[in-house]
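*Asks:* Going by UniProt numbering, the letters in the sequence shown line up with residues 1 to 65, in that order.
By construction, the Cβ of each residue, glycine as well, lies at the ideal position given by its N, Cα and C atoms.
Owing to the predicted nature of the structure, the values given are computational and were not obtained by experimental measurement.
Before I ask anything, here is the structure I am working with.
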Amino acid sequence: MTKDSGPEPVESAGEPADEIDGEEWAVPDCPRCGRPVWVVTVTGPITATASPCGCSVAPGTLERE
1 MTKDSGPEPV
11 ESAGEPADEI
21 DGEEWAVPDC
31 PRCGRPVWVV
41 TVTGPITATA
51 SPCGCSVAPG
61 TLERE
């Protein structure tokens, strides 16, 4: 009689995060403070706020090419 060691590990459908091309997951740096920017909230035609740093930036400054 063998003791069951538990369920088989579940394999991920995709690649592990540390094996994905760094370019694919790169986030831009804030042009004012240099910290990574995840979201830019546009509050007017010429005003926006980078998050999480909170710096004011011009809309479109951090767009990808």
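1) Taking the alpha carbon of CYS55 as the reference point, which residue from PRO31, GLY44 and PRO45 has its own alpha carbon closest?
2) For ILE46, tell me which candidate among VAL40, PRO28 and PRO59 has the shortest Cα-Cα distance.
3) Can you find the residues in the same chain that come closer than 7 Å, C-beta to C-beta, to THR41, ignoring five residues on each side of it along the sequence?
4) Are there 16 or more other CB atoms within 10 angstroms of the CB of VAL57, so buried, or fewer, so exposed?
5) Closer than 6 Å by C-beta to ARG35: which residues in its own chain qualify, once you throw out the five before and the five after it? Chain order, please.
*Replies:* According to the structure data:
1) Counted from its first residue, the sequence shown places residue 55 at position 55. With distances taken between Cα atoms, CYS55 lies closest to PRO31.
2) Numbered from its first residue, the sequence shown carries residue 46 at position 46. Closest by alpha carbon: PRO59.
3) Translated into positions along the sequence shown, residue 41 becomes position 41. Hits under 7 Å: ALA48, THR49 and SER51.
4) Mapped onto the sequence shown, residue 57 falls at position 57. Burial call: buried.
5) Along the sequence shown, one-based indexing puts residue 35 at 35. Closer than 6 Å at the Cβ level, and outside the excluded window around ARG35, lie CYS53.
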